[in-house]
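Residue numbers (UniProt numbering), protein chains in the order written: chain A, 1 to 311; chain B, 1 to 311. For glycine and all other residues, C-beta sits at the position ideal for the given N, C-alpha and C.
#1: Any idea which residues DSSP pairs residue 200 of chain A with across the strands?
#2: Just to make sure I have the definition right: I need the residues of chain B whose C-beta is within less than 7 Å of the C-beta of residue 101 of chain A. Which are they?
#3: Could you give the first and the last residue of the continuous beta strand (DSSP E) run that contains residue 307 of chain A?
#4: Any Cβ of chain B within less than 9 Å of the Cβ of residue 235 of chain A?
#5: Quick one: give me the first and last residue of the beta strand (DSSP E) that residue 48 of chain B is part of.
#6: Indicate the three-state DSSP secondary structure (helix, strand or coil) for residue 319 of chain A in the structure shown.
#7: Flag this pair as touching only if the stretch 50-67 of chain B and the stretch 239-246 of chain B have three or more C-beta atom pairs under 8 Å; answer yes or no.
#8: Pull up the DSSP beta-bridge partners for residue 41 of chain B, would you.
#9: Rounded to the nearest angstrom, what separates residue 329 of chain A and residue 297 of chain A at their Cα positions?
#10: Which residues in chain B have a C-beta closer than 7 Å to the C-beta of residue 225 of chain A? List them in chain order.
#11: Name, please, each residue of chain D whose Cβ falls closer than 9 Å to the Cβ of residue 244 of chain A.
#12: At the 9 Å Cβ level, is residue 279 of chain B part of the contact set with chain A, yes or no?
#13: Helix, strand or coil for residue 287 of chain B? Go by DSSP, reduced to three states.
#14: Might you give, ordered along the chain, the residues of its own chain that have their beta carbon closer than 7 Å to the beta carbon of residue 96 of chain A, omitting 5 neighbours on each side?
#15: For residue 59 of chain B and residue 146 of chain A, what's the separation of their Cα atoms in angstroms?
#16: Please list, in chain order, all residues of the same chain as residue 172 of chain B whose beta carbon is under 7 Å from its beta carbon, the five residues on each side excluded.
#17: Any beta-carbon of chain A closer than 9 Å to the one on residue 231 of chain B?
#18: Is the beta carbon of residue 73 of chain A sitting closer than 9 Å to the one on residue 12 of chain A?
#19: Helix, strand or coil for residue 145 of chain A? Go by DSSP, reduced to three states.
#20: Just the chain B side, please: which residues come within less than 7 Å of residue 240 of chain A by C-beta, in chain order?
#21: Alpha carbon to alpha carbon, what distance is there between residue 159 of chain B and residue 190 of chain B?
#22: Is there a Cβ of chain B sitting closer than 9 Å to that of residue 252 of chain A, yes or no?
#23: Between which residues of its own chain and residue 98 of chain A is the CB-CB distance below 6 Å, once the five residues before and five after are set aside?
#24: Please classify residue 1 of chain A as buried or exposed, where buried requires at least 16 neighbouring CB atoms within 10 angstroms.
#25: Looking at the structure shown, is residue 127 of chain B part of a helix, part of a strand, or coil, going by DSSP?
#26: Beta-carbon within less than 7 Å of residue 28 of chain B's beta-carbon, same chain only, minus the 5 sequence neighbours each way: which residues are those?
#27: Compare the Cα-Cα distances from residue 109 of chain B to each of B:118, B:140, B:202 and report the closest residue.
#28: Within this structure, are the beta carbons of residue 282 of chain A and residue 256 of chain A separated by less than 9 Å?
#29: Is the stretch 192-207 of chain B touching the stretch 217-231 of chain B, taking contact as three or more C-beta pairs under 8 Å?
#30: Among all the DSSP beta bridges, which residues are the ones paired with residue 244 of chain B?
#31: Pull up the CB-CB distance for residue 21 of chain A and residue 104 of chain A, whole angstroms please, since I reckon it's below 8 Å.
#32: Can you pull out the residues from the stretch 96-130 of chain B whose beta carbon lies closer than 9 Å to at least one beta carbon of chain A?
#33: On the criterion of 16 or more Cβ atoms from any shown chain inside 10 Å, does residue 38 of chain B qualify as buried, or is it exposed?
#34: Of all the CB atoms in chain A, is at least one closer than 9 Å to the CB of residue 1 of chain B?
#35: Decide if residue 69 of chain B is buried, meaning its Cβ has at least 16 other Cβ atoms within 10 Å, or exposed.
#36: Could you pull the DSSP bridge partners for residue 19 of chain A from this structure?
Given below as structure tokens:
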């Protein structure tokens, strides 16, 4: 901590854990549209314990657990000093790996289910990339509201196991892309209503499959592009099927009037995590094994759970 | 009129004029998603004079000029019998060719300027296919509200004349597609704000050009696909640029709660046409020359004004 001054509104936090998210890597690669001033410390979310507070800090005390909300840069370090307004105090009985990862993926899932289309119990959503953490959270959060989910996954070794895993989380239907090479995709929906809302984190053909499932007037929200392929849409999808295409980016929630709402959502999500109602696979890794964790996060060692560094 | 009974709520109309619209031809070709029961008479808009009314008709009398609103099938005939609720009475001093064509193209332009994004004087829109009648109406209706327009047209013989024609209507900028093959399209906008709303009736590269012009958070509305090519969108356009893609189809306005609003809009548009503030080129053709008019409407005789049949 030498050389870092804790000013009157500042809070010094000893970091406990922080994940390696794909967007962290994109930032380091320079392909993310928001760039920090250099030199910069990576890591955009995580959980820490308050070590000391400035004289004007009102609502935080040493020993409190805090997370940056909205997410804030520089979480990959042992100690971090930021103004009180950056930090959101959370319950200390939260599992540390969930506390460290709640502000990016699960919040994305919850906001996307709420911010675009009004859904009611009995309604249905469709998504691709369903095995991602966002996808897993969407399945669980939808199910808790009585909303059904149709899930699209890649064809690959282990897709049967992935299907079982998603169904255990509450998925109603899970299809591989090749299963959807049929004349009328909607014939596959025997007991489900046509979805009014779809989520796309893949692009290319996989996005087209989401569009095919959507009902007249439905909305597809794009939040990722794992295939690196664009989204192609027919003219008639817009004119005759009245589809809407939108995008979601958590960065938009930096907007101050959204902060309190998002913090309430985070408390709700952590509550669900504590109760075991919101689950996703993670690997807690000692900081000494940072290099292996990074290789895993980069996909160099095959499919791996999200890597969460313990400091 | 032999064999057609005028029931108590019916109105018998002697048609005066009706256009040949592309969507009329699509219906006959069977490529339109709404199909009339066969046998059917073509023509979806037009103007006529009331010849006789049923005993329960309250608001129409012989001699009134009427147009079907929402548009209604079977306008290509000398006499048409439909219920009173189909017909909207208009001012008889409306130019007959404008009265015959006001419910499809100009209404599309007006609704698209109103239904998607709130625009204020000084704002800007961008559109492709700007030489179409819808495009020409958008330029004029925008200009009347102090809204600027950026217009994209095809590269072709006569594009300089087309540019001049659109500028005379009030277009701020007119570019051919090849002029937009530049690194940063927005460098071309020296005195205009970035547009919040775009209109696409072409698809393919021309739609991508509309998307490039749009500002962060902008909306593109697709209402046609003249190139027969789909719309291709990058993932980052949705996530980082927060673009929304929507569609417009006049058929949606069949919704009863939109009828009165649309009829008020039609009165407004006809008023503008009478005052010379809304203009577009048409050719009034005697029904005897129907075959030539049809060839022109089908594009067999090169670029031609909209064909309006006089009965």
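Reading from the atomic positions:
#1: A:222
#2: In chain order: nothing, as chain B lies at least about 20 Å away.
#3: 306-310 is the span of the beta strand (DSSP E), which, as asked, contains residue 307 of chain A.
#4: yes
#5: Taken as a continuous stretch (DSSP letters only), the beta strand (DSSP E) holding residue 48 of chain B covers 47-53.
#6: This structure gives no information on residue 319 of chain A, because the portion of chain A shown stretches from 1 to 311.
#7: no
#8: Note: residue 41 of chain B sits in no beta bridge, so no partner.
#9: The question about residue 329 of chain A has no answer here: the residues shown for chain A are numbered 1 through 311.
#10: The answer, in chain order, is 235.
#11: This model lacks chain D altogether, as its protein chains are A and B.
#12: no
#13: helix
#14: 16, 17, 47
#15: 51 Å
#16: 148, 149, 150, 192
#17: Answer yes: the Cβ-Cβ gap between residue 231 of chain B and chain A drops below 9 Å somewhere.
#18: no
#19: coil
#20: 33, 249
#21: 22 Å
#22: yes
#23: 273
#24: With a pLDDT of only 47 at residue 1 of chain A, under 50, the local geometry of the prediction cannot be trusted, and no value is derived from it.
#25: Look at residue 127 of chain B here: in three-state DSSP terms it is strand.
#26: 42
#27: B:140
#28: no
#29: yes
#30: B:219
#31: 6 Å
#32: The stretch 96-130 of chain B vs chain A, Cβ under 9 Å: nothing.
#33: exposed
#34: A caution first: residue 1 of chain B carries a pLDDT of 47, below 50, which makes its placement in the model unreliable, though a value can still be read off. No, residue 1 of chain B does not count as interfacial toward chain A.
#35: buried
#36: A:308
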